[in-house]
Amino acid sequence: MARTSLAERMSRLEQQRAKLAEQEAKLKADERKQRTRRLVEAGTLIERAGLLDLEETALYGGLLSLAADAGDRAKIAGWTKVGKTALDKETVGKDAPHEPLTVIFPAPLPTPFATRLRGAGLRWNKVMQHWEGLADHDVVAALAAEQSGSVRRVHPTTESDRGRGTKS
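Note that my numbering gives residue 140 to position 140 of the sequence shown, counting from 1, and the numbers run on in steps of one.
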């Protein structure tokens, strides 16, 4: 069995060090991205709560008083309930009339009409050769009727269906 020279071993160790440094840099970058994402999400919540227009010192003071009460489990439970209700209401209000749809047309469409379909929330699927997306059924049905298209509702799969056919 041939022995590896000292230079070869040092070279391998240097490669391992470089690989570890690269992995460490990637971990730091990932942590930085996660932190940035959390900060953006927090800013979005401040905006949704209508607090973005507050003076900086007033907003900071309000957040400090909020932080002082963050140890009280009862208050946190109350905040969670109110926040969940508000988020659910916003989500339902925003997407209530929207549902998954596919639209098929018998002939190619003029570009201005395709632009109107995109404005309604649909996109062209090159593979399936149809229009699809989350949109208001009544609006899309009216558009499709203009070009003799047929609209089909896509029923979302249930939780039990999602589990089938996936590898564990």
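Where is the CB? At the ideal position from N, CA and C, for every residue including glycine.
In this text the structure is predicted, and so the values were computed from the model without any measurement.
Residue 133 sits buried, since 16 or more C-beta atoms from the chains shown fall within 10 Å of its C-beta.
In this structure, residue 101 places its C-beta atom within 8 Å of the C-beta atom of residue 151. The beta strand (DSSP E) runs of length 3 or more contained entirely in the stretch 93-119 are, from start to end of the chain, 98-104. In this structure residue 106 is in contact with residue 148, their Cβ atoms being roughly 6 Å apart against a cut-off of 8 Å.
Just measuring C-alpha positions, the residue of 137, 8, 60, 52 sitting nearest residue 98 is 137. Taking C-alpha positions only, residue 38 is separated from residue 90 by approximately 20 Å.
Between residue 76 and residue 67, the C-beta gap is not smaller than 8 Å, which leaves the two residues out of contact.
Between residue 113 and the set 131, 34, 127, the nearest pair of CA atoms involves 131. In the three-state DSSP reduction, residue 82 falls in the helix class (H, G or I). Annotation: the continuous beta strand (DSSP E) that includes residue 150 extends over 150-153. Remark: C-beta atoms of residue 141 and residue 120 do not approach each other more closely than 8 Å. DSSP places residue 133 in the strand class (E or B) of the three-state scheme. The distance from the Cβ of residue 82 to that of residue 144 is about 41 Å, inconsistent with a contact at the 8 Å cut-off.
DSSP places residue 123 in the strand class (E or B) of the three-state scheme. Following the DSSP letters along the chain, one finds residue 65 inside the alpha helix (DSSP H) bounded by residues 56-68.
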